[in-house]
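Below is one structure, written out as structure tokens; the observations come after it.
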Amino acid sequence: MTRAPRIACIGEVMIELAPATPELMRLGVAGDTYNTAVYLARRIGPGAVAYVTALGDDAQSDHIIAALTAEGIAPDLVERVPDAVPGLYMITLDPRGERSFSYWRSHSAARGLFSRPGGLRPQQLDGMEMIYLSAISLAVITPEARDRLFDWAQGYRRAGGRIAFDSNYRARLWPDVETARHEVARFWSVTDIALPSLDDEQALFGAATEAQVIRRLHEAGVRGGALKRGAAGPVALDGSVLTLAPQPEIPVIDSTAAGDSFNAGFLAALLAGETTAAAMAAGHSLAARVIGHRGAIMPRQTDQPA
Numbered sequence: 001m002t003r004a005p006r007i008a009c010i011g012e013v014m015i016e017l018a019p020a021t022p023e024l025m026r027l028g029v030a031g032d033t034y035n036t037a038v039y040l041a042r043r044i045g046p047g048a049v050a051y052v053t054a055l056g057d058d059a060q061s062d063h064i065i066a067a068l069t070a071e072g073i074a075p076d077l078v079e080r081v082p083d084a085v086p087g088l089y090m091i092t093l094d095p096r097g098e099r100s101f102s103y104w105r106s107h108s109a110a111r112g113l114f115s116r117p118g119g120l121r122p123q124q125l126d127g128m129e130m131i132y133l134s135a136i137s138l139a140v141i142t143p144e145a146r147d148r149l150f151d152w153a154q155g156y157r158r159a160g161g162r163i164a165f166d167s168n169y170r171a172r173l174w175p176d177v178e179t180a181r182h183e184v185a186r187f188w189s190v191t192d193i194a195l196p197s198l199d200d201e202q203a204l205f206g207a208a209t210e211a212q213v214i215r216r217l218h219e220a221g222v223r224g225g226a227l228k229r230g231a232a233g234p235v236a237l238d239g240s241v242l243t244l245a246p247q248p249e250i251p252v253i254d255s256t257a258a259g260d261s262f263n264a265g266f267l268a269a270l271l272a273g274e275t276t277a278a279a280m281a282a283g284h285s286l287a288a289r290v291i292g293h294r295g296a297i298m299p300r301q302t303d304q305p306a
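Residues 1 to 306, numbered by the UniProt record's numbering, are exactly what the sequence shown covers, in order.
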């Protein structure tokens, strides 16, 4: 049985080309906040997650709508733009399973999100229990749209809404590091649940220890969330460390969506009323399984708790 969405994930969903064999690519649907939306929807139920983006009216946009609907994600907040197309990216893997990306997204419909006359506005998210977005969500929209979203976020939080944010930093998406740093810093100031990766924070704000990153987030007003450290496991923003039980070594097939899936496991646990420690364990466990599959989204039949 479907229900009204509790959480809206904002960003860009794209066509993904991922290696299937040395000669063939597999067609998928992915994007950082979309990946989180998929794994969230699998955990908290059909219709409980909405995705907020803009797509075109072409066949690939229809394919994306079909994919997100099949995952139980509500499509009501997807803006359809005539004569527009979605972005596309290709994954390249090194021998260790670490990924790099090539993008074709400069004409993506998502770049006009919250900007088009008569299009979506942040006010349409009023009433959601939680909003989730990333620095990539901010990078792909216009400066005016970022201002509109930031101004709305302040009132949304005063009305009792919660914002979860991941400073997922991709330098090529920003005009310069100063702009990225400014935007991420001001969105930290309206964040309730922070889900940064240590390496992103260090790249964006300069070399820093874990303690310095946590202190800076506290100074920005953030009190909840976790700092991701890859295989070392996350650290809660209160400084507590997840104690990792010994596990069989899992080969890294593809590290795509490791952080995105951690975010989904973490947020799903929080929405279920679990503690931060339990949420970190859920996120880490999910990410550990995702990196054992090719592409951002592992098959539904294999997506079962360990």
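Where is the CB? At the ideal position from N, CA and C, for every residue including glycine.
State the DSSP-derived secondary structure class of residue i, mapped to helix, strand or coil.
| i | result |
| --- | --- |
| residue 275 | coil |
| residue 43 | helix |
| residue 239 | coil |
| residue 163 | strand |
| residue 31 | coil |
| residue 104 | strand |
| residue 233 | coil |
| residue 318 | Examination of residue 318 is not possible in this model, given that the chain is present from 1 through 306 alone. |
| residue 120 | coil |
| residue 222 | coil |
| residue 36 | helix |
| residue 195 | coil |
| residue 130 | strand |
| residue 99 | strand |
| residue 26 | strand |
| residue 307 | Any property of residue 307 remains undetermined from this structure, which presents the chain solely from 1 to 306. |
| residue 282 | helix |
Could you spell out where the alpha helix (DSSP H) holding residue i opens and where it closes?
| i | result |
| --- | --- |
| residue 169 | Neither: residue 169 is in no alpha helix (DSSP H) and is coded neither H nor E. |
| residue 138 | 135 to 140 |
| residue 184 | 177 to 188 |
| residue 153 | 143 to 158 |
Terminal residues of the continuous beta strand (DSSP E) containing residue i?
| i | result |
| --- | --- |
| residue 64 | Not the beta strand (DSSP E): residue 64 falls in the alpha helix (DSSP H), residues 59 to 70. |
| residue 114 | Residue 114 -> no beta strand (DSSP E), and no H or E assigned at all. |
| residue 214 | No beta strand (DSSP E) contains residue 214, which is instead part of the alpha helix (DSSP H) from 210 to 219. |
| residue 80 | 78 to 80 |
| residue 16 | 14 to 19 |
| residue 8 | 7 to 10 |
| residue 302 | Careful: residue 302 lies outside any beta strand (DSSP E) and carries neither H nor E. |
| residue 55 | 49 to 55 |
Assuming the contact rule is C-beta atoms closer than 8 Å, residue i and residue j should be a hit. Round their C-beta distance to whole Å, please.
| i | j | result |
| --- | --- | --- |
| residue 104 | residue 127 | Rounded, the Cβ-Cβ distance is 35 Å, inconsistent with contact. |
| residue 291 | residue 235 | The pair is not a contact, with the Cβ atoms about 19 Å apart (cut-off 8 Å). |
| residue 278 | residue 268 | 11 Å between Cβ atoms; not a contact. |
| residue 68 | residue 51 | 6 Å |
| residue 200 | residue 168 | 6 Å |
| residue 30 | residue 297 | 6 Å |
| residue 295 | residue 18 | 4 Å |
| residue 81 | residue 118 | The pair is not a contact, with the Cβ atoms about 11 Å apart (cut-off 8 Å). |
Do you know how far the Cα of residue j is from the Cα of residue i?
| i | j | result |
| --- | --- | --- |
| residue 175 | residue 302 | 39 Å |
| residue 210 | residue 240 | 12 Å |
| residue 286 | residue 214 | 24 Å |
| residue 288 | residue 258 | 7 Å |
| residue 74 | residue 46 | 8 Å |
| residue 66 | residue 34 | 14 Å |
| residue 148 | residue 38 | 26 Å |
| residue 188 | residue 166 | 9 Å |
| residue 79 | residue 275 | 35 Å |
| residue 142 | residue 114 | 8 Å |
| residue 120 | residue 205 | 32 Å |
| residue 179 | residue 64 | 31 Å |
| residue 132 | residue 125 | 11 Å |
| residue 20 | residue 92 | 11 Å |
| residue 227 | residue 62 | 36 Å |
| residue 71 | residue 109 | 22 Å |
| residue 1 | residue 77 | Reliability fails at residue 1, whose pLDDT of 42 lies under 50, so the model's placement of it is uncertain and the value that follows must be treated cautiously. Cα-Cα distance, rounded: 20 Å. |
Please classify residue i as buried or exposed, where buried requires at least 16 other C-beta atoms within 10 Å of its C-beta.
| i | result |
| --- | --- |
| residue 102 | exposed |
| residue 183 | buried |
| residue 280 | buried |
| residue 162 | buried |
| residue 56 | buried |
| residue 27 | exposed |
| residue 107 | exposed |
| residue 122 | buried |
| residue 42 | buried |
| residue 23 | exposed |
| residue 140 | buried |
| residue 11 | buried |
| residue 5 | buried |
| residue 146 | buried |
| residue 218 | exposed |
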